[in-house]
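Numbering (the working numbering), first residue to last: 4 to 116.
Yeah, the Cβ is synthetic: ideal placement off N, Cα and C, and Gly gets one too.
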């Protein structure tokens, strides 16, 4: 499964969302959107793939769901794939007939303490 990076983040990300990243800290919706735009512009061949078998989804009563998994980011460097595998957690909120991401945690980019 590849990340639909050309799709508008408004489709699935709530505008009041927050992204918690173990190396860059907390960012809001606009900061995260700007960061992704910059990353895709500087590394157009980057891709995000779900690690097969890693996805887990748990319902949250009267709210939505929690999604956990591993994702691998890859790009070409000197003609070779350069990849890293990291962990993520997303809190999804059911809003009428649609689902929106309300919180994102991205971690495992550095060793745990």
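Residue 85 has its alpha-carbon roughly 38 Å from the corresponding atom of residue 66. The DSSP-derived three-state label of residue 52 is strand. For the pair residue 69 and residue 95, the Cα-to-Cα distance works out to about 6 Å. Between residue 112 and residue 25 a beta carbon distance of about 5 Å is seen, short of the 8 Å cut, so the two are scored as contacting.
Note that the C-beta distance between residue 74 and residue 106 is not below 8 Å. Annotation for residue 61: 68 and 69 place their beta carbon closer than 7 Å to its own, counting only its chain and skipping 5 residues before and after.
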